[in-house]
Every structure is written in structure tokens, then in C-alpha cells.
Amino acid sequence: MLANKTSPLPGGAVCFVTLGCKVNQTESEAMAQLFREAKYQVVSSSEEADVVVVNTCTVTNTGDSKSRQVIRRMIKAHPESVVVVMGCYAQTAPGEILGIDGVDLVIGTQDRAKILEWIDRVKAEKAPQNAVRGIWDAEEFEELPQLSEEHRTRAMLKIQEGCNQFCTYCIIPYARGPLRSRLPENAIAEARRLVEEGYPEVVLTGIHTGYYGQDLKADWNLARLVGELEKIPGLRRLRLSSIEPMEYTDELIEKIALSDKVCPHVHIPLQSGSDRILSRMNRPYDLKAYKGLLEKLRQRIPDLAVTTDIIVGFPGETDEDHASTIEFAKSCDFSGIHVFPYSKRKGTPAADYPDQVLKKLKDQRVKELLDVARASQVRFCRQFIGKSVEVLVEKVDLKGSAIGHTPHYIQVEIPANKDARQWATGEFVTVVLEEHHISLA
3 MLANKTSPLP GGAVCFVTLG CKVNQTESEA MAQLFREAKY QVVSSSEEAD VVVVNTCTVT
63 NTGDSKSRQV IRRMIKAHPE SVVVVMGCYA QTAPGEILGI DGVDLVIGTQ DRAKILEWID
123 RVKAEKAPQN AVRGIWDAEE FEELPQLSEE HRTRAMLKIQ EGCNQFCTYC IIPYARGPLR
183 SRLPENAIAE ARRLVEEGYP EVVLTGIHTG YYGQDLKADW NLARLVGELE KIPGLRRLRL
243 SSIEPMEYTD ELIEKIALSD KVCPHVHIPL QSGSDRILSR MNRPYDLKAY KGLLEKLRQR
303 IPDLAVTTDI IVGFPGETDE DHASTIEFAK SCDFSGIHVF PYSKRKGTPA ADYPDQVLKK
363 LKDQRVKELL DVARASQVRF CRQFIGKSVE VLVEKVDLKG SAIGHTPHYI QVEIPANKDA
423 RQWATGEFVT VVLEEHHISL A
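Residues 3 to 443 in this note's numbering are what the sequence shown lists, from first letter to last.
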């Protein structure tokens, strides 16, 4: 198998296929930079490549299945390439992946900076290699190359890794390991460089972003890091990614409220609008605490956009639990709801619960909650009709129309400019919002 594959020499080509979350996207971009520094050309997955890297997801069994499909498809499309599989699925099931004929290297969610050394070993030994080691050995945040050539107006800045929560439906702690925070000086240095390279918006991301600094010896937390990042000259927007309800401190809320750079948009996972189901999920809050947090946030930031995640059809969810979720979601005035049907994940407690919800019933409940989500989104967006909003242009189509987001993360479509100058990605455009500008999910 391996002997027939092209040797990945410096100056060769590498392609990436990334599945899953924004953290995976960020890590793939960092890995691409590592290959660039080794004189590789980063190409698309449809082009010839000496090395193919598949960055996998394992949030659900469906995620595992999709990862395997993509791996096999890339092996078939690139029979002469060295095929590397990394990421969460690789971390949790390296033996399963090595059993796929054509995989040459499996590397999980750590030691990724050594990927080129492992590729050299694959070449030398002409045999597949397993570079995965126990994730609970990880004690420090793994520094990967600083991002470059993202070709985006919004840059992702990973500041944290790992999770200690162990929700009963979630495999992520087993894939990502314990909480580890990035050293603040490294996070600040990369943010400064990204701004200097022209990125006007930086998004802080991680697995448990709100617990940033908890494992650091110095007195650091997310609020303090945000305060330091705000000082970077040229930074126009700082956006926070998903933060769990119990991670909002009074200090962080004040930092968001008083800042002219932190976007007035937060993502707070709810997961269920039933206290009974939240308890079964091992979520460390109840509905009263969640609603209390929303009230506190909105007292300080009246027009705050709040998006959330809700899992539908968790084992044991009754019609009453679902009705409670519908009513609670309506009462929260979310600006957006990501709705997920529960999917069993082997290795988690919930996968073995006996009272699984039938797919047909889950599908019906998803549809009902999506109707609530759309109505809530429309209601939130319409409060800005007739008001001036600032849009960061992210994409310009062939007709000259632009698409971008406001600080509240409302997607806006701007018609082609009537004068000779076209809109440009990365520029800020002030628009008096009208109905036709709003692009609803």
C-alpha cells in the first residue's frame, strides 16, 4: 500500500478536509500554516496532493460515520497520497481508523505540531502509524502555528482547550481532555498580528471558552483577557463564541456592557427547556438560573442578541418536557436557535438509556421548535428596521451585492453600489436597515 505512494517532499502539496466545529476549522488553518512553513503548497481537495489531511468530528455517531465516509472518499480520490486522519474521532477511535485500508497516519487532538515528523516516519517505515496518546496526559495548551492567509474578514482565535463537564450526551471530554488555557501573552500576540494583517474582527473560541484562565497560576480569566485584547490598536470588533451559562461572571458581563469593541451578541447553550431533562443531561443549571442570567445580561445590555443550542428528543423526553422547551424558548426572545435532534453517541451514558425517543417523534418536535426559532429570529431582527447598522462586508458576489454581519450577528444583504466603486470585503458599511436587507436562516 504505502510503497506506491508519492513521498511528501518539501515543496509538495497538501490538502485539508475539515468536519465539525469552528475549533476544528481554526486548527486546520493552523496546521495548513505549519505545512506552508515547510514549503508545502496548500491546495483544494479536488487537486493533486502529496498529503491529504482529514480533520474529523465525533460529536455524534453520525459524525463518526460521516468522517469514515470522507476518509474513504479521499483515499479513493488520492490513491498516491499519504492520508492523515486527525481530530476528535481520531482521538477516540484510532484503531478503528487504522483499520481503514489506505490510512497512513492517525494523530488525535494533541501532538499535532509533530505531524511532519510522523509523516517522515511513515515514509521511512512504509507502514501506517498511530500517533495518538491518552488525552488525559495533556496538561498544557498546545500551541500551533499562528494563523495566516485565512482569506477571511473574521479571524478565529483559539484561547482554550478541553472540557471537564461530562454532560451525559457528550463525548468531547474524552476527545479533547481536561481544561487547558492558552498563555495570555501568546493569545494577545496572535490577536495583535491578525489585526495588523488586516482582520477587523476577531472571534475568541475554545471548547469551554468561558473557563479561560481557570488552570493558569496567574490571576487570569476571560474578562481580563478581553480587557487586554480591547487595547489592540486597529481592532474594530471582538466577538465571543459559545459560553456556558455558569461561566458568566459579573466582571465578564460588565466588560461586555461597557466595551465599544465587544459585540453585543452572546451564544448561551440551553439544551433543554425542562429541568428534569437538564438534570438527566448533567447540565449544572436550571431554568430559573438560566432566565436569571438573561435578565441580568439584558439589564446591562438592552438590545443584546442571544443565540442558543437546544437538543430535541433526549432520552426520556416526554410531550410535557417538549412543551416546556417550546414555551421556555418562546419566553427567552432568542435571536437565533440552533436545533439538534438527539443522536446517540457510543461511549456516553445517554446512549445506554432505555427510554430512547423514536425518530419520527424527534423529527416532529424538531419541526415545531424550528418554527419557534424562525419566529424569534424575525422578531429580533425587525426591531432594527429603520435604524442605522454597521455591516462588516464578508463576501461580494459577481453582481456586486455584498453580504456581511452587524455587531448583533444579523446577516445583511447589501445591493450593488450605485456608483462605480464596488463593495470590498473587510470594509464597514453603514446601512439604514430595511426588510429586504435581512437574510434569515
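All residues carry an ideal CB built from backbone N, CA and C; glycine is no exception.
Would you tell me roughly how many angstroms separate the C-alpha atoms of residue 431 and residue 186, rounded to the nearest one?
Locating residue 431 in the sequence shown gives position 429, where the first residue counts as 1. Locating residue 186 in the sequence shown gives position 184, where the first residue counts as 1. So the two alpha carbons sit approximately 32 Å from each other.
For the segment 23–61, which segments carrying the beta strand (DSSP E) assignment without a break, of at least 3 residues, lie completely within its bounds, in sequence order?
43–45 and 53–58
Given this structure, state the Cα-to-Cα distance separating residue 386 from residue 410, to the nearest angstrom.
Indexing the sequence shown from 1 puts residue 386 at position 384. Indexing the sequence shown from 1 puts residue 410 at position 408. Each residue's alpha carbon lies about 10 Å from the other.
Among 19, 163, 98 and 167, whose alpha-carbon lies nearest the alpha-carbon of residue 134?
Reading the sequence shown from its first residue, position 132 is the one you call residue 134. Answer by Cα proximity: 98.
Extract the residue ranges of the alpha helix (DSSP H) inside the segment 99–163, only unbroken runs of 4 or more that lie entirely within it.
117–127
For residue 91, collect the residues of the same chain with a Cβ closer than 6 Å to its Cβ; drop the 5 residues on either side in sequence, then sort them by chain order.
Working through the sequence shown from its first residue, we reach residue 91 at position 89. Only 58, 60, 66 and 69 meet the Cβ criterion.
What residues in its chain sit with their C-beta under 8 Å from that of residue 314, if we drop five residues either side in the sequence?
Along the sequence shown, one-based indexing puts residue 314 at 312. Result list for residue 314: 324, 327, 341, 342, 343, 344, 364, 367, 368 and 371, in chain order.
Residue 204: which of 45, 420 and 161 sits nearest, CA to CA?
As a working mapping, residue 204 is identified with position 202 in the sequence shown. If we check each option's Cα against that of residue 204, 161 comes out closest.
Are at least three pairs of beta-carbons, each pair with one atom in the segment 343–360 and one in the segment 386–395, less than 8 Å apart?
no
Give me, in chain order, the residues of the same chain whose beta-carbon lies closer than 6 Å to that of residue 258; leave out the 5 immediate sequence neighbours on both sides.
Within the sequence shown, the letter at position 256 stands for residue 258. Once the five neighbours on either side are set aside, the close Cβ partners of residue 258 are 264.
Bridge partners of residue 20, per DSSP?
Stepping through the sequence shown from its first residue, residue 20 is reached at position 18. Per DSSP, 57.
Range covered by the alpha helix (DSSP H) that runs through residue 309
Walking along the sequence shown from the start, residue 309 turns up at place 307. Run containing residue 309: none in the alpha helix (DSSP H); it sits in the beta strand (DSSP E), 307–314.
Could you tell me the distance, in whole angstroms, from the CA atom of residue 23 to the CA atom of residue 256?
As a position in the sequence shown, residue 23 is number 21, starting the count at 1. As a position in the sequence shown, residue 256 is number 254, starting the count at 1. Those two C-alpha atoms are separated by around 28 Å.
May I ask you to list the residues that DSSP assigns as paired with residue 432?
As a first step, residue 432 must be located in the sequence shown, where it is residue number 430. Bridge partners of residue 432 according to DSSP: 392.
Residue 175: buried (16+ other C-beta within 10 angstroms of its C-beta) or exposed?
Within the sequence shown, residue 175 is the residue found at index 173, counting from 1. So residue 175 counts as buried.
Measuring alpha carbon to alpha carbon, tell me which of 275, 94, 75 and 115 ends up nearest residue 30.
In the sequence shown, the residue the question calls residue 30 occupies position 28. It is 115 whose Cα lies nearest to the Cα of residue 30.
Using C-beta distances below 7 Å, list every residue in its chain close to residue 71, excluding the 5 sequence neighbours before and after it, in chain order.
For the purposes of this step, residue 71 is identified with residue 69 of the sequence shown, where counting begins at 1. Excluding sequence neighbours, residue 71 sits near nothing in its chain.
From residue 231 to residue 190, what distance separates their C-alpha atoms?
Within the sequence shown, residue 231 is the residue found at index 229, counting from 1. Within the sequence shown, residue 190 is the residue found at index 188, counting from 1. Straight-line Cα distance between these residues: approximately 6 Å.
Own chain partners of residue 138 with C-beta closer than 7 Å, once the 5 adjacent residues on each side are dropped
Here residue 138 refers to the residue found at position 136 of the sequence shown. The residues are 179 and 180.
Is it right to say residue 276 is buried, meaning 16 or more other beta carbons lie within 10 angstroms of its own, or is it exposed?
The residue labelled residue 276 in the question sits at position 274 within the sequence shown. Residue 276 should be labelled buried.
Rounded distance between the beta-carbons of residue 334 and residue 296, thought under 8 Å
Counting from one through the sequence shown, the residue named residue 296 turns up at place 294. Counting from one through the sequence shown, the residue named residue 334 turns up at place 332. The Cβ separation is near 6 Å, so the contact holds.
Excluding the 5 residues flanking residue 373 on each side, which residues of the same chain have their C-beta closer than 7 Å to its C-beta?
The residue given as residue 373 occupies position 371 in the sequence shown. Taken in chain order, the list of residues that qualify is empty.
How long is the line joining the alpha carbons of residue 145 and residue 199, rounded to whole angstroms?
The residue labelled residue 145 in the question sits at position 143 within the sequence shown. The residue labelled residue 199 in the question sits at position 197 within the sequence shown. C-alpha separation (whole angstroms): 20 Å.
Between the C-alpha atoms of residue 93 and residue 108, what's the straight-line distance to the nearest angstrom?
Indexing the sequence shown from 1 puts residue 93 at position 91. Indexing the sequence shown from 1 puts residue 108 at position 106. In a straight line, the C-alpha of residue 93 is about 8 Å away from that of residue 108.
Unbroken alpha helix (DSSP H) run spanning residue 186, endpoints
Residue 186 sits at position 184 when you count from the first residue of the sequence shown. It spans 186–198 - the alpha helix (DSSP H) in which residue 186 sits, taken as one unbroken run.
Beta-carbon contacts of residue 27 that lie in its chain and below 7 Å, excluding the five residues immediately before and after:
Here the question's residue 27 lines up with position 25 in the sequence shown. Around residue 27: 20 and 158.
Extent of the continuous alpha helix (DSSP H) run through residue 216:
On the sequence shown, position 214 is the one that residue 216 refers to. Counting along the chain, residue 216 falls outside any alpha helix (DSSP H), and DSSP gives it neither H nor E.
Cβ-Cβ separation, residue 89 to residue 111 (assumed contact under 8 Å), whole Å:
In the sequence shown, counting from the first residue as 1, residue 111 sits at position 109. In the sequence shown, counting from the first residue as 1, residue 89 sits at position 87. The beta-carbon separation of residue 111 and residue 89, rounded to 7 Å, stays under the 8 Å limit for a contact.
Nearest CA to the CA of residue 450: which residue from 54, 86, 302 and 102?
Residue numbering for the chain in the displayed model covers 3 to 443; residue 450 lies beyond these limits and cannot be assessed.
Straight-line CA distance for residue 172 to residue 319?
Within the sequence shown, numbered from 1, the residue matching residue 172 stands at position 170. Within the sequence shown, numbered from 1, the residue matching residue 319 stands at position 317. Answer to the nearest angstrom: the Cα atoms are 17 Å apart.
Compute the Euclidean distance between the alpha carbons of residue 132 and residue 96, then round it to the nearest angstrom.
Walking along the sequence shown from the start, residue 132 turns up at place 130. Walking along the sequence shown from the start, residue 96 turns up at place 94. So the alpha carbons of these two residues sit roughly 7 Å apart.
Taking Cβ to Cβ, would you say residue 242 is nearer than 9 Å to residue 210?
The residue given as residue 242 occupies position 240 in the sequence shown. The residue given as residue 210 occupies position 208 in the sequence shown. No; because the gap between Cβ atoms is not below 9 Å, this pair is not in contact.
With a Cβ-Cβ cutoff of 9 Å, do residue 224 and residue 212 count as a contact?
Sequence index remark: in the sequence shown, residue 224 carries index 222 (1-based). Sequence index remark: in the sequence shown, residue 212 carries index 210 (1-based). Closer than 9 Å, so yes.
Assign residue 210 to one of three DSSP states: helix, strand, or coil.
Taking the first residue of the sequence shown as position 1, residue 210 is located at position 208. In the three-state DSSP reduction, residue 210 falls in the coil class, being neither helix nor strand.
Keeping to the same chain, check which residues put their C-beta closer than 7 Å to that of residue 424; ignore five residues upstream and five downstream.
Walking along the sequence shown from the start, residue 424 turns up at place 422. Closer than 7 Å at the Cβ level, and outside the excluded window around residue 424, lie 398 and 402.
Taking the alpha carbon of residue 84 as the reference point, which residue from 163, 274, 113 and 18 has its own alpha carbon closest?
Translated into positions along the sequence shown, residue 84 becomes position 82. The shortest Cα separation from residue 84 among 163, 274, 113 and 18 belongs to 18.
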